[in-house]
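Participant:
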Amino acid sequence: MSAILLKDVSTTYQGEKKPAIHDINLTVETGEFLCVVGPNGAGKTTLLETICGCLKPVKGEVKVLGFNMASDGVKVRRKIGYTPQDFMVKPDEPYKALDVVLMGRFGKIGLLRGVSREDVEKALKVMEMLEIRGLAGKPVGKLSGGQQQKVMIARALAKEPEILLLDEPLSNLDYDSRTKISELLGEICRRQRITTLVVAHNPEHLLQLCQRIIVVSEGKIIADISGGELEREEAVRALIPGLKVGLR
Amino acid sequence: MIGEIPTLVFRSAAGAVLIGLLAGLISVFIIRIKLSSMGFCMSHAAFAGAALGVGLSMNPFTMALAFSLATASLIGPASDKAKIHPDLITSIAFPLNMALAFIFLTLTPGVVRFTSEVTSILWGSVLSVGFQDLVYLAVLLAASAVMVVLFWKELFAIMFSRRMAEADGINTKPFIYAILFAIGIIVTFSLKLVGGLLVFALLFNPAATALQFSYDIRKVAMVSPLIGAASCLSGLFLSFALNWPAGACIVLASTLGFALSVALSPKRRIGK
Chain A
1160 MSAILLKDVS
1170 TTYQGEKKPA
1180 IHDINLTVET
1190 GEFLCVVGPN
1200 GAGKTTLLET
1210 ICGCLKPVKG
1220 EVKVLGFNMA
1230 SDGVKVRRKI
1240 GYTPQDFMVK
1250 PDEPYKALDV
1260 VLMGRFGKIG
1270 LLRGVSREDV
1280 EKALKVMEML
1290 EIRGLAGKPV
1300 GKLSGGQQQK
1310 VMIARALAKE
1320 PEILLLDEPL
1330 SNLDYDSRTK
1340 ISELLGEICR
1350 RQRITTLVVA
1360 HNPEHLLQLC
1370 QRIIVVSEGK
1380 IIADISGGEL
1390 EREEAVRALI
1400 PGLKVGLR
Chain B
465 MIGEIPTLVF
475 RSAAGAVLIG
485 LLAGLISVFI
495 IRIKLSSMGF
505 CMSHAAFAGA
515 ALGVGLSMNP
525 FTMALAFSLA
535 TASLIGPASD
545 KAKIHPDLIT
555 SIAFPLNMAL
565 AFIFLTLTPG
575 VVRFTSEVTS
585 ILWGSVLSVG
595 FQDLVYLAVL
605 LAASAVMVVL
615 FWKELFAIMF
625 SRRMAEADGI
635 NTKPFIYAIL
645 FAIGIIVTFS
655 LKLVGGLLVF
665 ALLFNPAATA
675 LQFSYDIRKV
685 AMVSPLIGAA
695 SCLSGLFLSF
705 ALNWPAGACI
715 VLASTLGFAL
725 SVALSPKRRI
735 GK
């Protein structure tokens, strides 16, 4: 069974005639690490949000972990860790960083059950891995953009997901943090066999981690590239000139 | 008559405290989930219903409850199905409710039009809170508190971000609809004391005040009902002392509380 299966999927935003993504066919096997690249407005975020069920396709079928997202979306989302693009919290929001990370587990914990000590420990462990444990008691809106981004990644990982969907997870981080976090993500996903899709405008830090690169342009998948790092880099460069794909 | 005064004061004070606690609790969800315009709209729907009740010589508060619950059951699904921002729907529904209220009052036979019943719907009346209302309010408060405790985890996530809560596998719709219904019921009961034109202040001010002092939503949820109760009680005694309308005095007290909280808020201090 494939972890993610999209059959002829098209998603159109309300009030739009032209679909943001159209006739998408994609199969992702369990444990695969995929990078979705493409220029601005290509449909990368729409693709990710369609997979997680945040957007309903107008055509086609989305299956995640064998379940149809149209009918079982709520249940399946409890197994999906998702970080949206540029999710920033306002400075006076009444939430601590630990609250936000812990919230990732709420769907999984289920109704009428409280948060256990084990849940808190798991959330703190992920924060430790991402080097933000010291920020646990701080108001999340007071953190820098990069720190907030780490909190959102921690939230997705604290869920112990089977699928990880990350939309530009490294965009607000400095160079060193990008390197560290991307290596950490690679290690966790490999160790726990988490199927991972990362949307990245500039996938320079992710190229060595991913097994496949999906290139999206004008709402369509125009290339599905696997093979060695160098070949993938060359292929993406040829398809989208100017895209920063390598570390060189 | 003299013997009735302590009973009246007790009933009004107990009603004020219960309404304050309820409104203070629901205001946390209204502000955090950005349902302010819905609360505004619902308070005027209750007002329109009460006006129709007066016009038809029926119990105005039963009609107010029916109108606010009907509004609650329409706005949530309409906003979800049509994917229209709730603000837009409520902006349309608000003047419609006001228009209906004034039409119902105009159609009311002449003598009845400006009776104490109508003015009490508009401005509230300490005389209108009965013992039965206190029982209903106490039951409603207990039920609301139990629901909040049982589903705190889900409400907590929805208050942070409905979109993220959904992405985490929380079915947010039942919670949002339940909150809308709770707003409708609380608004109707508050109508008696505060009046249809001022009740919405109670739906925002307590939580807005509590939010000035804390970065912890749990503390905000605990303090906001106390602020609501304190506003209602102090406003009520101001009304007794100055012989001003109770609803107006409660709104004055609650707005003063908010203004003070903004002035004293540690969130607004720099380098201290």
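Heads up: the protein sequence lines correspond to chains A and B, in order.
Quick note: the first sequence uses the working numbering, first residue 1160, plus one each step.
Quick note: the second sequence uses the working numbering, first residue 465, plus one each step.
In this text, a Cβ means the ideal position worked out from N, Cα and C, and glycines have one as well.
#1: List the residues of chain A whose Cβ lies closer than 8 Å to the Cβ of residue 669 (chain B), in chain order.
#2: Go ahead and label residue 1172 (chain A) buried or exposed: buried means 16 or more other beta carbons lie within 10 angstroms of its beta carbon, across all protein chains shown.
#3: Pick helix, strand or coil for residue 603 (chain B), following the three-state DSSP scheme.
#4: When burial is assigned at 16 or more other CB atoms within 10 Å of the CB, is residue 1303 (chain A) buried or exposed?
#5: Quick check: what's the CA-CA separation for residue 1203 (chain A) versus residue 1176 (chain A)?
#6: May I ask you to report which of helix, strand or coil DSSP gives residue 669 (chain B)?
#7: Consider the Cβ of residue 621 (chain B): report whether some Cβ of chain A lies at a distance smaller than 8 Å.
#8: Select from B:626, B:725 and B:590 the residue whose C-alpha is nearest the C-alpha of residue 700 (chain B).
#9: Just verifying my parser: in three-state terms, what is the DSSP assignment at residue 1181 (chain A)?
#10: Which residue from A:1170, A:1274, A:1200 and A:1205 puts its Cα closest to that of residue 1318 (chain A)?
#11: Let me confirm a value: residue 561 (chain B) is counted as buried when at least 16 other C-beta atoms fall within 10 Å, else exposed. Which label applies?
#12: Considering only C-alpha positions, which residue in the set B:513, B:585, B:615 and B:599 is nearest to residue 711 (chain B)?
#13: Check whether the region 683-690 of chain B and the region 707-722 of chain B are in contact - that is, three or more C-beta pairs closer than 8 Å.
#14: Does the region 473-480 of chain B come within contact of the region 504-516 of chain B, defined as at least 3 CB pairs closer than 8 Å?
#15: Along chain A, in chain order, which residues have C-beta atoms closer than 9 Å to that of residue 684 (chain B)?
#16: Starting from residue 1354 (chain A) and walking both ways along the alpha helix (DSSP H), at which residues does that stretch end?
#17: Taking residue 540 (chain B) as the query, report the chain A residues whose CB atoms sit under 7 Å from its CB, ordered along the chain.
#18: Is it buried or exposed for residue 1191 (chain A), if we count other Cβ within 10 angstroms and need 16 for buried?
#19: Under a Cβ-count criterion, where at least 16 other Cβ atoms within 10 Å of its own Cβ denotes burial, should residue 485 (chain B) be classed as buried or exposed?
#20: Rank B:499, B:513 and B:695 by C-alpha distance to the C-alpha of residue 582 (chain B) and give the top, closest one.
#21: In chain A, which residues lie with their C-beta within 9 Å of the C-beta of residue 678 (chain B)?
#22: Check the DSSP bridge columns for residue 1239 (chain A) and list the partner residues they point to.
#23: Taking only beta-carbon atoms, is residue 624 (chain B) less than 8 Å away from chain A?
#24: Please report the Cβ distance between residue 528 (chain B) and residue 517 (chain B), rounded to the nearest whole angstrom; I am assuming they are in contact, meaning their Cβ atoms lie under 8 Å.
#25: Can you tell me whether DSSP reads residue 1295 (chain A) as helix, strand or coil?
#26: Please report the residue range of the beta strand (DSSP E) in which residue 481 (chain B) lies.
#27: Would you check if the region 653-665 of chain B and the region 1378-1386 of chain A touch, i.e. whether three or more CB-CB distances between them fall below 8 Å?
#28: Please list the segments of the alpha helix (DSSP H) lying wholly inside the region 1196-1225 of chain A, counting only runs of 4 or more residues, in order along the chain.
#29: Count the CB pairs spanning the region 1311-1329 of chain A and the region 1277-1293 of chain A that are closer than 8 Å, and state whether there are at least three.
#30: Skipping 5 residues on each side, what residues in its chain have a beta carbon closer than 6 Å to that of residue 673 (chain B)?
#31: List the endpoints of the continuous beta strand (DSSP E) containing residue 572 (chain B).
#32: Assign residue 610 (chain B) to one of two classes, buried (16 or more other C-beta atoms within 10 Å of its C-beta) or exposed (fewer than that).
#33: Hey, is residue 489 (chain B)'s beta-carbon within less than 8 Å of any beta-carbon in chain A?
#34: How many Å lie between residue 572 (chain B) and residue 600 (chain B) at the Cα?
Facilitator: According to the structure data:
#1: Ordered by position in chain A, no residue passes the 8 Å Cβ test against residue 669 (chain B), which lies about 17 Å from the chain.
#2: exposed
#3: helix
#4: exposed
#5: 18 Å
#6: helix
#7: yes
#8: B:590
#9: strand
#10: A:1274
#11: buried
#12: B:585
#13: no
#14: no
#15: 1253
#16: Element bounds for residue 1354 (chain A): not the alpha helix (DSSP H) but the beta strand (DSSP E), 1354-1358.
#17: Those do not exist, as residue 540 (chain B) stays about 17 Å from chain A at its closest Cβ, beyond 7 Å.
#18: buried
#19: buried
#20: B:513
#21: 1253
#22: A:1322
#23: yes
#24: 7 Å
#25: coil
#26: Premise fails: residue 481 (chain B) lies in the alpha helix (DSSP H), 468-496, not in any beta strand (DSSP E).
#27: no
#28: 1203-1210
#29: yes
#30: 691, 721, 722 and 725
#31: Counting along the chain, residue 572 (chain B) falls outside any beta strand (DSSP E), and DSSP gives it neither H nor E.
#32: exposed
#33: no
#34: 29 Å
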